[in-house]
DNA sequence: ACACTATTTGGCTATTTTGCCAAACAATAA
DNA sequence: TTATTGTTTGGCAAAATAGCCAAATAGTGT
């Protein structure tokens, strides 16, 4: 893997990483519906103003959201909405994972039953 | 946001987080082509056996890959290939980001030029 | 039984991330 | 001008992550 390719993987991973936090993922989904100022998020999330601002900065730095100052507020919008198209697949991952956990529990109790007989 | 919804966002974010590391993202893309044992990755990545094993464990824990022991080797495979479908969009994010950086540089030098006149 | 190979795990340190508080900044209102 | 509101930034401490080494584990072959 040469230097360019490595840099490319780092850039791509950074995008995933930015979405890899529940609050930021939630913010991104909210921004898919419509733009929001920071204060609107602070109301809905139980977190400090500075915390929300930092999360938004992470998303902005990753290139996922953009911001625009209007009056006293800074409005954030989703720059690349397609980034959330994978959500159905992500949900499929979670479902599959949940299912395999259920299977594991079932197999374990089967073993126990067999062990008892 | 109630407890269930919060847990749902945490689970979804965990999937993104798992892909949010260049090595793990590279591994996932390799696994899209075909299954691999750990040793094959160790050869290609310049990292310790234990490091690679841990990265694979993270992907497995997130539900993205599965593993199967055959003989002396453990083979990993991509459980949910659709997770990489978003890659073209991720690349679009990077392109857009790169472009906005170029624009910023251009605007800055325009300002300088105007300032000089 | 022994040695050998592939993999995981425990333990450690260095680095990064998170989230809060307080302070700084910016735009508006009085 | 001062006060006020919305936002960002500096600084800090707690927690999580990454990556290495060494030890443990599991399966194979002798």
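Chains as they are written, first to last, in the working numbering: chain G, 1 to 117; chain D, 118 to 234.
Glycine is no exception: its CB is placed at the ideal position from the N, C-alpha and C atoms.
With 16 other Cβ atoms within 10 Å as the buried cut-off, status of residue i
i, result
"residue 133(D)", "buried"
"residue 13(G)", "buried"
"residue 166(D)", "exposed"
"residue 105(G)", "exposed"
"residue 231(D)", "Low confidence applies to residue 231(D): its pLDDT is 43, below 50, so where it sits in the model is not reliable enough to give any reading."
"residue 102(G)", "exposed"
Which listed residue (the options) has its alpha carbon closest to that of residue i
i, options, result
"residue 55(G)", "2(G), 88(G), 25(G)", "25(G)"
"residue 176(D)", "59(G), 105(G), 97(G)", "97(G)"
"residue 100(G)", "179(D), 138(D), 126(D)", "179(D)"
"residue 4(G)", "152(D), 186(D), 139(D)", "139(D)"
"residue 30(G)", "185(D), 221(D), 118(D)", "118(D)"
"residue 9(G)", "151(D), 126(D), 207(D)", "207(D)"
Chain-ordered chain G contacts of residue i [CB-CB under 7 Å]
i, result
"residue 127(D)", "22"
"residue 197(D)", "89, 92, 93, 96"
Contact set for residue i: own chain, Cβ-Cβ below 8 Å, skip 5 residues either direction
i, result
"residue 83(G)", "15, 19, 28, 64"
Cβ pair residue i, residue j closer than 7 Å
i, j, result
"residue 198(D)", "residue 149(D)", "yes"
"residue 39(G)", "residue 75(G)", "no"
"residue 128(D)", "residue 45(G)", "no"
Contacts of residue i in chain G (Cβ-Cβ under 9 Å)
i, result
"residue 200(D)", "86, 89, 90, 92, 93"
"residue 134(D)", "16, 17, 19, 20, 21"
"residue 151(D)", "Here the premise fails: no neighbours, minimum Cβ distance about 18 Å."
Chain-ordered neighbours of residue i on chain D, where CB pairs are closer than 8 Å
i, result
"residue 38(G)", "The contacting residues do not exist; residue 38(G) stays about 18 Å from chain D at best."
Spatial neighbours of residue i in its chain, beta-carbon cut-off 6 Å, leaving aside the 5 residues before and after
i, result
"residue 183(D)", "194, 196"
"residue 159(D)", "166, 169"
"residue 35(G)", "75, 77"
"residue 88(G)", "none"
Chain G contact residues for residue i, given Cβ-Cβ distances below 8 Å
i, result
"residue 235(D)", "Residue 235(D) is absent from the structure shown; chain D starts at 118 and stops at 234."
"residue 123(D)", "22"
"residue 180(D)", "93, 94, 96, 97, 100"
Partners in chain D for residue i, counting only beta-carbon separations shorter than 9 Å
i, result
"residue 119(G)", "Residue numbering for chain G in the displayed model covers 1 to 117; residue 119(G) lies beyond these limits and cannot be assessed."
Close beta carbons around residue i, own chain, < 7 Å, minus the five adjacent residues each side
i, result
"residue 86(G)", "none"
"residue 72(G)", "none"
"residue 69(G)", "none"
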